[in-house]
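Engineer: Before we start, here is the structure in question, set down as structure tokens.
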Amino acid sequence: MVAAQETGGADSLAKGTREDGASILLGPGLPNAPRPSLAALNLQAAVGLLRALLDLGLGQVVLCPGSRSSPLAVAAGWLEPAGLELVTAIDERSAAFFALGCSRATGRPAAVVTTSGTAVANLLPAAVEADFGAIPLLLITADRPLRLKGCGANQTVNQETFLADSVRWLGQAPAAGLAAMAPADLAAMASRAMAAALGQGGQPAGPVHLNLAIEEPLHADAAALTQLAQLAQAPLATSVSQAAAAPAGPVLGLAGLDPDRPGVVVAGPWRGQPQQWDPFVAALRRWLERTGWPLLSDGLSGLRGVPGLEQVHGYDLLLDDLPEGLACQQVLRLGPLPASRRLQRWLETCGGQQLLVSEGDPRGLDPLKLCQQQTAMGLADWVAGLPEAIWTQPSTEACRAYARAWHQRERELQAQLDQALAGACSEPALARQLSRLLPEGVPVVMANSSPVRDWESFGDPKGKARPVFGFRGASGIDGTLSVACGVAHSLGQAVLITGDLALLHDTNGWLWRPQLAGRLTVVLINNAGGGIFEQLPIRLEGDSPLDFERLFAMPQPVEALALAAAYGVPARRLGAWSGLAADLAWALEQPLALLELRTDRQQDARQRHALRRMAHAPSPLP
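Structure, rendered in structure tokens:
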């Protein structure tokens, strides 16, 4: 999304002062010394901006090294006693993903601060994921002044354009630089940035870019630093109103759905805010009790294991051979589509009414173009707005019989999986074991590609309820470890399930170890390459006219345990399932630990195909 620019105040700078020659004061009781240095003005403005963001709910700042951004760095350090949590990172890409994980876990925007130049380009992958995943995020970048652009000046690029297509809003300091912004301008920029990040004006939550030109000199002297340090504790002179949530939108009724006829609920990945979860679950439970409809829940929905919600977990295995008696004519879809291609193809055959309800995301979330209506008002508000008369009736026998047929198929499938996955170690078996063994409530972060798909298809329905995080907005694997560190840092603990290529994309994520406030256990599935590609039809048995290993699988020889040891991370290699519980118990007590399971990706691909064939021959319907 191309965002509007913020021009800031109209003040201009001359010889290191505001045009009127006065200092910019952000709090009472400070000396009003005339003509402060430009460096002092830069620092005053940086403190004012971060203080305003802090007052609006900013909790965490991830600071990357740089000289142009030094006023922002000093300001962030000074504001720690005021409640700003500061962590540091040498890698801007890793920093952005760490902040993304923090934001996703808390529902509040975390901020990344970088210097100018290619540092800003490294923020793009996380910005793209935040955009598609509706995750609030602040990207604060220092920039060279406009007068230095297009003339060969060092480290000067058109960085204001780097993130433009992904951010909700681009806010910029005026041409004269950050120091020219008056307190009211800084407060207004902070307010608009937080509102845009949290979702306002018909847009979902997402990333915001504040690109701040900063004139030299950048570094205040000792006397100015001593004086200006008081700003960190002084109250703001300009009051800032709290960012308001986006309006719920008009009330939408049943939109063609008939609760007295059979239908299904399809719950995709959860993208709502933490405070929306309990009302969402309560509303879903009320709808299911009234209709009796079966619930097909994605592995990233967070619904698996929630008490009182009988669910169909194995739909991806069942849908290839679904009897006519389970055809469906109406669907209530919750949030984005699940990853299952088979489910998507089945939805295309349903033919009847489909209604999509999202948690505050008004964008089109229906790539299949099947939904007659979509609302972003959230399930709780949608259910609350339905006619009271519909709740006076129980579910019909037709709906209950339809649900019983689905649940019977589900029970048969899960019994088959219990038997088939009880043997040797494999990726599908690991998903089943972990869904059983991980403690209730411990957040799980799923890497894209095979881990998230195996969790969806082979996780045990008897597993405990827990938050499950996946970053499938753009389905990248570039910041997997860092984003998991951000989740663990914010929530106190997390478990990351990842493949080897995803982990190698983000080895700098191990550098978070000394600053990690929570505990993170990394479960590595090491199949020496890209296991997801083994499921492509281009993978041919026997002689092949192409070099599949080189072109697709891309095997890598890295010793994961040795790599972890180089970063000071304790690690163990998993063996038989009998020792998994003890290894997990050990890892969960470490600040940061690695558990590696070595698997054969070709053998695992054959097992997945065999499990699908097995699911095609269930017992007859009752």
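Taking this note's numbering, I'd label the letters of the sequence shown as residues 938 to 1559.
Don't be surprised by glycine CBs; every beta carbon is placed ideally from N, CA and C.
As the structure is a computational prediction, the values presented were derived from the model and not from experiment.
Determine the extent of the alpha helix (DSSP H) in which Ala-1204 is found, giving its start and end residues.
Structural biologist: No alpha helix (DSSP H) holds Ala-1204; the beta strand (DSSP E) holding it covers 1201–1204.
Engineer: Counting pairs of Cβ atoms below 8 Å between the region 1412–1423 and the region 1049–1066, do you hit three or more?
Structural biologist: In short, these stretches touch, since the Cβ pair count reaches three.
Engineer: Three-state secondary structure (DSSP) at Arg-1041?
Structural biologist: Arg-1041 falls in the helix class under three-state DSSP.
Engineer: Let me check one thing: in DSSP terms, what residues is Asn-1148 bridge-paired to?
Structural biologist: BP columns for Asn-1148 point to Thr-1078, Gln-1109.
Engineer: So, with DSSP's three-state summary, where would you put Gly-1054?
Structural biologist: If DSSP states are grouped into helix, strand and coil, Gly-1054 belongs with coil.
Engineer: Roughly how many whole angstroms lie between the Cα atoms of Ala-1501 and Thr-1458?
Structural biologist: Cα-Cα distance, rounded: 12 Å.
Engineer: Hey, out of Leu-1123, Leu-1302, Gly-1468, whose CA is closest to Pro-1206's CA?
Structural biologist: The shortest Cα separation from Pro-1206 among Leu-1123, Leu-1302, Gly-1468 belongs to Leu-1302.
Engineer: By Cβ distance, which residues of its chain are closer than 7 Å to Cys-1422, with the 5 residues on each side in sequence left out?
Structural biologist: Within the same chain, Cys-1422 has close Cβ partners Phe-1035, Gly-1038, Gly-1446, Trp-1449, Leu-1453, Leu-1457.
Engineer: Closer than 7 Å by C-beta to Gln-937: which residues in its own chain qualify, once you throw out the five before and the five after it? Chain order, please.
Structural biologist: For residue 937 there is no data in the structure shown, the boundaries of the chain being 938 and 1559.
Engineer: Where do the ends of the beta strand (DSSP E) carrying Asn-979 lie?
Structural biologist: Not the beta strand (DSSP E): Asn-979 falls in the alpha helix (DSSP H), residues 975–992.
Engineer: Note down, in chain order, each residue of its chain lying with its Cβ closer than 8 Å to the Cβ of Gly-1245, except the 5 sequence neighbours on either side.
Structural biologist: The residues are Arg-1222.
Engineer: Rounded to the nearest angstrom, what separates Glu-1017 and Val-984 at their Cα positions?
Structural biologist: If I take the Cα positions, the gap works out to 12 Å.
Engineer: Just the Cα atoms here: how many angstroms apart are Arg-1270 and Leu-1293?
Structural biologist: Going from the Cα of Arg-1270 to the Cα of Leu-1293 covers about 5 Å.
Engineer: Pull up the distance between the alpha-carbon of Gln-1212 and that of Thr-1043, whole angstroms please.
Structural biologist: Each residue's alpha carbon lies about 9 Å from the other.
Engineer: So what does Glu-909 bridge to, in DSSP terms?
Structural biologist: An answer regarding residue 909 cannot be provided, because it is not within the stretch 938 to 1559 covered by the chain.
Engineer: Here's the rule I'm using: 16 or more other beta-carbon atoms within 10 Å means buried, otherwise exposed. How should Met-1126 be labelled?
Structural biologist: So Met-1126 counts as buried.
Engineer: Please identify the residue among Ala-1431, Pro-1482, Tyr-1504, Phe-1470 whose C-alpha is closest to the C-alpha of Thr-1444.
Structural biologist: That would be Tyr-1504, whose Cα lies nearest to the Cα of Thr-1444.
Engineer: Considering just the uninterrupted stretch of the beta strand (DSSP E) at Ser-1332, what are its terminal residues?
Structural biologist: Ser-1332 -> no beta strand (DSSP E), and no H or E assigned at all.
Engineer: Do Gly-1297 and Ala-1321 have their C-beta atoms closer together than 8 Å?
Structural biologist: The answer is no: Cβ separation not under 8 Å.
Engineer: Which of helix, strand or coil does DSSP assign to Thr-1435?
Structural biologist: Strand at Thr-1435.
Engineer: Taking the alpha carbon of Gln-1527 as the reference point, which residue from Val-1432, Gly-1468, Leu-1440 has its own alpha carbon closest?
Structural biologist: Looking at the Cα atoms, Val-1432 is the closest of the given residues.
Engineer: Would you kindly report the start and end of the unbroken alpha helix (DSSP H) that includes Gly-1014?
Structural biologist: Counting along the chain, the alpha helix (DSSP H) containing Gly-1014 begins and ends at 1007–1015.
Engineer: Going by Cα to Cα distance, which pick from Gly-1516, Gly-1138, Gln-1544, Thr-1417 is closest to Gln-1472?
Structural biologist: If we check each option's Cα against that of Gln-1472, Gln-1544 comes out closest.
Engineer: Taking the alpha-carbon positions, what's the Glu-1107 to Asp-1122 distance?
Structural biologist: The question names Glu, yet the displayed sequence has Leu at residue 1107. So the alpha carbons of these two residues sit roughly 15 Å apart.
Engineer: Closer than 7 Å by C-beta to Ala-1518: which residues in its own chain qualify, once you throw out the five before and the five after it? Chain order, please.
Structural biologist: The answer, listed in chain order, is Leu-1374.
Engineer: For Ile-1475, does the three-state DSSP call read helix, strand or coil?
Structural biologist: Note: Ile-1475 maps to coil in three-state DSSP.
Engineer: Can you tell me which of the three DSSP states Val-1461 falls into?
Structural biologist: Reading off the sequence shown, one finds Leu at residue 1461, where the question assumed Val. If DSSP states are grouped into helix, strand and coil, Leu-1461 belongs with the strands.
Engineer: Which residue wins for smallest C-alpha separation from Arg-1390, given the options Ser-1234, Arg-1403, Arg-1341, Trp-1523?
Structural biologist: Comparing Cα-Cα distances from Arg-1390 to each of Ser-1234, Arg-1403, Arg-1341, Trp-1523, the minimum goes to Ser-1234.
Engineer: Quick one: residues in its chain with C-beta nearer than 7 Å to the C-beta of Ala-1357, no 5 flanking neighbours on either side, listed in chain order?
Structural biologist: Excluding positions up to five away in sequence, the list reads Leu-1548, Met-1551.
Engineer: Taking 6 Å as the limit between beta carbons, can you name the residues of its chain near Gln-1267, skipping five residues before and five after?
Structural biologist: Excluding residues within five positions, the ones whose Cβ falls inside 6 Å are Leu-1194, Gly-1200, Gly-1289, Gln-1290.
Engineer: Considering only C-alpha positions, which residue in the set Leu-990, Ala-1112, Cys-1287 is nearest to Ala-1047?
Structural biologist: Here the closest residue by C-alpha is Leu-990.
Engineer: Use the C-beta contact count for Ser-949: other C-beta atoms within 10 angstroms, 16 or more gives buried, fewer gives exposed.
Structural biologist: Confidence at Ser-949 is low in this model, with a pLDDT of 37, below 50, so its placement is unreliable and the value that follows should be read with caution. Result: exposed.
Engineer: Can you tell me where the beta strand (DSSP E) with Met-1131 in it begins and where it stops?
Structural biologist: Segment 1120–1135 is the alpha helix (DSSP H) holding Met-1131; no beta strand (DSSP E) there.
Engineer: Using CA atoms only, rank isn't needed, just tell me which of Leu-987, Gln-1109, Ser-1103, Ala-1204 is closest to Glu-1022.
Structural biologist: Ranking the options by Cα distance to Glu-1022, first place goes to Leu-987.
Engineer: Apart from the five residues just before and just after Gly-1229, which ones in its own chain have a Cβ nearer than 6 Å to its Cβ?
Structural biologist: Ser-1332, Cys-1336, Arg-1337, Ala-1340, listed in sequence order.
Engineer: Is there contact between the region 1072–1079 and the region 1137–1152, where contact requires at least three CB pairs shorter than 8 Å?
Structural biologist: Yes, since at least three Cβ pairs between the region 1072–1079 and the region 1137–1152 fall closer than 8 Å, the two stretches touch.
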